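Undergrad: According to our numbering, the sequence shown is numbered sequentially starting from 307.
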Amino acid sequence: MSPRPERLEADVAIVGAGPVGLTLAMDLAQRGCSVVVLETRQRGEPPNVKCNHVAARTMEQFRRLGVAADVRNAGLPPDYPNDVVFRTAVTGVELARIHIPARATRYTDTSGPDGWWPTPEPPHRINQIYLEPILFAHAEARRGVTIRNRAEATSFEQDERGVTVQARDLDSGAALVVQAQYLIGCDGGRSMVRKAIGAAFVGTPVIQKVQSTYIRAPDLLARVSGRPAWCCYAYNPRRSGVCFAIDGRETFLIHNHFHPSEDDFDAVDRDASIRHILGVGADFRYDVISKEDWIGRRLVAERFRERRVFICGDAAHLWVPYAGYGMNAGIADAMNLSWHLASHLAGWAEGAVLDAYEIERLPITDQVSRFAMDHAQQMIKARGAVPRRIEEPGAEGDAIRAAFGRESYDLNVQQFCCAGLNFGYFYDRSPLIAYDGEPAPVYSMGSFTPSTVPGCRAPHFRVADGRSLHDACGPDYTLLRFDTSVATERLVEAARARRVPLAVLDVPRGVAPTEYRHALVLVRADQHVGWRGDTVPDDAIAWVERLRGAVPLTDRSPS
Ligand SMILES: Cc1cc2nc3c(=O)[nH]c(=O)nc-3n(C[C@H](O)[C@H](O)[C@H](O)COP(=O)(O)OP(=O)(O)OC[C@H]3O[C@@H](n4cnc5c(N)ncnc54)[C@H](O)[C@@H]3O)c2cc1C
Numbered sequence: 307m308s309p310r311p312e313r314l315e316a317d318v319a320i321v322g323a324g325p326v327g328l329t330l331a332m333d334l335a336q337r338g339c340s341v342v343v344l345e346t347r348q349r350g351e352p353p354n355v356k357c358n359h360v361a362a363r364t365m366e367q368f369r370r371l372g373v374a375a376d377v378r379n380a381g382l383p384p385d386y387p388n389d390v391v392f393r394t395a396v397t398g399v400e401l402a403r404i405h406i407p408a409r410a411t412r413y414t415d416t417s418g419p420d421g422w423w424p425t426p427e428p429p430h431r432i433n434q435i436y437l438e439p440i441l442f443a444h445a446e447a448r449r450g451v452t453i454r455n456r457a458e459a460t461s462f463e464q465d466e467r468g469v470t471v472q473a474r475d476l477d478s479g480a481a482l483v484v485q486a487q488y489l490i491g492c493d494g495g496r497s498m499v500r501k502a503i504g505a506a507f508v509g510t511p512v513i514q515k516v517q518s519t520y521i522r523a524p525d526l527l528a529r530v531s532g533r534p535a536w537c538c539y540a541y542n543p544r545r546s547g548v549c550f551a552i553d554g555r556e557t558f559l560i561h562n563h564f565h566p567s568e569d570d571f572d573a574v575d576r577d578a579s580i581r582h583i584l585g586v587g588a589d590f591r592y593d594v595i596s597k598e599d600w601i602g603r604r605l606v607a608e609r610f611r612e613r614r615v616f617i618c619g620d621a622a623h624l625w626v627p628y629a630g631y632g633m634n635a636g637i638a639d640a641m642n643l644s645w646h647l648a649s650h651l652a653g654w655a656e657g658a659v660l661d662a663y664e665i666e667r668l669p670i671t672d673q674v675s676r677f678a679m680d681h682a683q684q685m686i687k688a689r690g691a692v693p694r695r696i697e698e699p700g701a702e703g704d705a706i707r708a709a710f711g712r713e714s715y716d717l718n719v720q721q722f723c724c725a726g727l728n729f730g731y732f733y734d735r736s737p738l739i740a741y742d743g744e745p746a747p748v749y750s751m752g753s754f755t756p757s758t759v760p761g762c763r764a765p766h767f768r769v770a771d772g773r774s775l776h777d778a779c780g781p782d783y784t785l786l787r788f789d790t791s792v793a794t795e796r797l798v799e800a801a802r803a804r805r806v807p808l809a810v811l812d813v814p815r816g817v818a819p820t821e822y823r824h825a826l827v828l829v830r831a832d833q834h835v836g837w838r839g840d841t842v843p844d845d846a847i848a849w850v851e852r853l854r855g856a857v858p859l860t861d862r863s864p865s
C-alpha cells in the first residue's frame, strides 16, 4: 500500500518560484495570506541568464516589500556604468552612448534620459541570476510563506470550496497534495496551469531567433577602449549582436541575432559569430559557461483565469525581450492580482473583485507585447541596414558612423528608458474604477504624460514631510485630500461600514504636481487612481461598493 501523501494547506498555492511567483508570495504574505509555493528547481539552483533590467515600477514594488535596498546593492559593481553603447564591435569604435547611471549614483545622477522620472526608485540593471536568490531569501523569511523545492505540480482540481493541487517530490518520488482556496500559475512559458485551464497562447510564435551564449572572458574589458557599459550593441557587416556585462568583470551574455535567412541554432557558427560581435581574433580566449538560445515571440494567453485558478507572468504572456519588460510586466500582474485576492480573502471585497485582474491586465499586456514586437521589427530592419563602410577609417567613415550612431540612439533610447511602459499605462475598463469622462493621455514605449485621470498611475511626488507618496500611502486605498475644507467623514464612515480599508492623507496643494487638479484623489494599492472629485459623492455607500467590487460588471457609469 502506498503511504498517504503529505498534505499542505494555505490560502493560496503558487506554482513556480521564479521572480513573479516569489514576488507574489511576498506580497500575499504581507497582506496576511498564507502561501505554499511549489518549485521544481532545487534550492539555490540558478535560473537561466535572461533578464537584466528591473524596471522602476518593479523597484517601487520591491521598495514597498522591503526588498529594494538588497536588490539595488547587488549585481554589477557599484561604479560600473549602466550605459548602453553602440559600437562597430564590442572592442570596436563607439557610435553612440545612452547614459544610465551606475548604481552608486543612481539616486543622485539625473543627467541621463531617465533622470527626470517621477519615482522614488529608478530602474536597476541586474541579472536574474543575482536577483532571484535575493527574492527567494526574502520570500522564504516571510511569515506565512512555505516554499517547497524539487516539487513538481502535476495537476489540480477545483470546486466551489477550493483547489487541490497534486505534486510530487522529484527526489523521492513521494506524492504531495496542496489544498488552497486559490491557485496561481507562475510556472513560466510552458505553464502546466495555463494549459490545464485551456487558455491558449495567441499571437506570433516566431519573430526572431537569437543564438545566445553565456561566456567567461577575463581579458575582454581590457580590450575595450573608453568607458565600459552594461549593454553593448555591436553593428558590423559580418554580424550584429549584443553583449551584456553580467558580473562587471569577466562574465558576459552574448546575443547573436540571426539574419532572417538563418533558422537552425546548430547550423550557425557560434564561435565565429561571437568573435565578430566582440571584434576579436582567433587568439582571444573565452569559455562557454552555457548556451542560452531563445526565440523572440509575441504570445498572450486568451484568458488569465478559470474560476479559482489564475496565471501570471510568463505563464500568461511571452514576448521578445525588447525594453526588458517580460518579468516586469509579470510582477505588475502579480501585484494587481495579489491585492484583489488578499482583499477578497480578508472578507471586505466581493468575489467579483477578482474579475478585475483579467479586465485590467489583459489589455495592457496585449499592448506592451505589441510595443515589443514593433520594436523588434524595427531592430531587424536596422540590422539589415548596417552601412557596409561603417568600419572605414577617415572622415567619410566618421560621418557614416555618426549618422548610424544617431539613428541607433534615437531608436533605442525608448526601449532602454521606457518611461511609457513604466508609468504611462492605464486601466480604461475596470469595474473597480470610477471614470469621469476625461480620456487618459496616450503613451508610447518611451514617453507618457503624467495624469490623474482614473485608471492612470498617480503621479509621484514628495509629500510635505519629504516622504515619497508611495511611502506615505497606506497598503490599500488612500484618499489624498488637497483641500481640508472638504469633509471626507461620510466616505470614511461608508468605508468603515463596508470594512474597506481607507486612509486619508492630507496634502498641501503646493507640494503636488499640477496634474492634481481635484480636491480629492483616491489612490489604490497599486498606485493607480481609482476616483477623483472636488466634492464627496452624494451616495457614499455606492462609492465604496464600487471599490470593493460590489457594482455589477455592466454598470460602468461615472459616479
Ligand atoms: C534573453 C532574455 C532577456 C530577458 N530580459 C528581460 C529583462 O531585462 N527584463 C524583464 O523584465 N524580462 C526579461 N526577460 C523575460 C524574463 O526573463 C521572464 O519574463 C521572467 O523570467 C518570467 O518570470 P516568471 O516568474 O513568470 O517565470 P519563470 O522565470 O519562467 O519561472 C517559472 C518557474 O516555475 C517553475 N515551474 C515550472 N513548471 C513547474 C511545475 N509544474 N511545478 C513547479 N514549478 C514549476 C520553473 O522551474 C521556474 O522556476 C528576458 C527574457 C529573455 C529570454
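Heads up, the beta-carbon is just placed ideally off N, CA and C, and yes, glycines get one too. Quantities reported herein were computed from a predicted structural model and do not represent experimental measurements.
Should residue 326 be counted as a contact of ligand 1 given a C-beta to heavy atom distance under 6 Å?
TA: Between ligand 1 and residue 326, a heavy atom-to-CB distance of less than 6 Å is present.
Undergrad: Near residue 673, what residues of its chain come up, given a Cβ to Cβ distance below 8 Å and the 5 sequence neighbours on each side ignored?
TA: 731
Undergrad: Out of 397, 733, 341 and 632, state which residue places its alpha-carbon closest to the alpha-carbon of residue 678.
TA: Of the listed residues, the one whose Cα sits closest to residue 678 is 632.
Undergrad: Cα separation between residue 833 and residue 565?
TA: 42 Å
Undergrad: Just curious, the alpha helix (DSSP H) that residue 362 is in, first and last residue?
TA: It spans 362-370 - the alpha helix (DSSP H) in which residue 362 sits, taken as one unbroken run.
Undergrad: Exposed or buried, residue 350, counting other C-beta atoms within 10 Å across all chains shown (16 or more means buried)?
TA: exposed
Undergrad: Please determine whether the Cβ atom of residue 371 lies at a distance below 6 Å from any heavy atom of ligand 1.
TA: no
Undergrad: Count the other C-beta atoms from every protein chain shown that fall within 10 angstroms of the C-beta of residue 379, then say buried if there are 16 or more, exposed otherwise.
TA: exposed
Undergrad: CB residue 480 to CB residue 458, shorter than 7 Å?
TA: no
Undergrad: Buried or exposed: which applies to residue 515, given that a residue is buried once 16 or more other Cβ atoms fall within 10 Å of its Cβ?
TA: buried
Undergrad: Is the CB-CB distance between residue 521 and residue 436 below 7 Å?
TA: no
Undergrad: Kindly indicate which three-state DSSP category residue 653 falls into: helix, strand or coil?
TA: coil
Undergrad: Using DSSP bridges, identify the partner residues of residue 314.
TA: 484
Undergrad: By the 10 Å Cβ neighbour count, where 16 or more other Cβ atoms means buried, how is residue 814 classified, buried or exposed?
TA: exposed
Undergrad: Tell me which same chain residues have a C-beta within less than 6 Å of the C-beta of residue 412, skipping the five on either side of it?
TA: If you ignore the 5 residues before and after residue 412, its C-beta comes within less than 6 Å of the C-beta of 428, all in its own chain and listed in chain order.
Undergrad: In the DSSP assignment, find the unbroken beta strand (DSSP E) run with residue 403 in it and report its ends.
TA: 400-404
Undergrad: Which stretch, first to last residue, makes up the alpha helix (DSSP H) that contains residue 437?
TA: 434-447
Undergrad: Using only alpha-carbon positions, find the residue among 781, 335, 724 and 749 that is nearest to residue 362.
TA: 724
Undergrad: Based on the DSSP secondary-structure assignment, which residues constitute the bridge partners of residue 675?
TA: Paired residue(s): none; residue 675 is not in a bridge.
Undergrad: Are the region 328-343 and the region 313-320 touching, with three or more C-beta to C-beta distances below 8 Å?
TA: yes
Undergrad: Quick one: does the C-beta of residue 347 sit closer than 6 Å to a heavy atom of ligand 1?
TA: yes
Undergrad: Could you say which of 766, 626 and 782 lies nearest to residue 644 if we only look at CA atoms?
TA: That would be 782, whose Cα lies nearest to the Cα of residue 644.
Undergrad: If you compare alpha carbons, which of 749, 736 and 823 is closest to residue 857?
TA: Of 749, 736 and 823, the residue nearest in Cα terms is 736.
Undergrad: How do the region 363-376 and the region 385-400 stand: do at least 3 beta-carbon pairs fall below 8 Å, yes or no?
TA: no
Undergrad: Could you tell me whether the Cβ atoms of residue 541 and residue 692 are closer together than 7 Å?
TA: yes
Undergrad: Considering only the beta carbon of each residue, do residue 560 and residue 433 sit closer than 7 Å?
TA: no
Undergrad: Hey, is the region 442-453 in contact with the region 323-336, meaning 3+ C-beta pairs nearer than 8 Å?
TA: A contact is defined here as three or more CB-CB pairs under 8 Å, and the region 442-453 meets this definition with respect to the region 323-336.
Undergrad: Residue 760 and residue 739 - do their beta-carbons sit closer together than 7 Å?
TA: In this structure, residue 760 lies closer than 7 Å to residue 739 by Cβ.
Undergrad: For residue 797 versus residue 842, is the C-beta spacing smaller than 7 Å?
TA: yes
Undergrad: How should residue 714 be labelled, buried or exposed, when 16 other C-beta atoms within 10 angstroms of its C-beta is the threshold for buried?
TA: buried
Undergrad: CA-CA distance, residue 784 and residue 829?
TA: 5 Å
Undergrad: Return the chain-ordered ranges of every alpha helix (DSSP H) run that is complete within the region 520-595 and spans a minimum of 4 residues.
TA: 526-529 and 576-584
Undergrad: Thinking just about the alpha-carbon of each residue, which of 543, 794, 855 and 807 is nearest to the one in residue 846?
TA: 794
Undergrad: For the beta strand (DSSP E) containing residue 712, list its first residue and its last residue.
TA: Unbroken run through residue 712 is the alpha helix (DSSP H), 701-722; no beta strand (DSSP E).
Undergrad: Which word fits residue 530, buried or exposed, when buried means at least 16 other C-beta atoms lie within 10 angstroms of its C-beta?
TA: In the assembly as shown, residue 530 is a buried residue. Its beta-carbon has 16 or more other beta-carbons within 10 Å.
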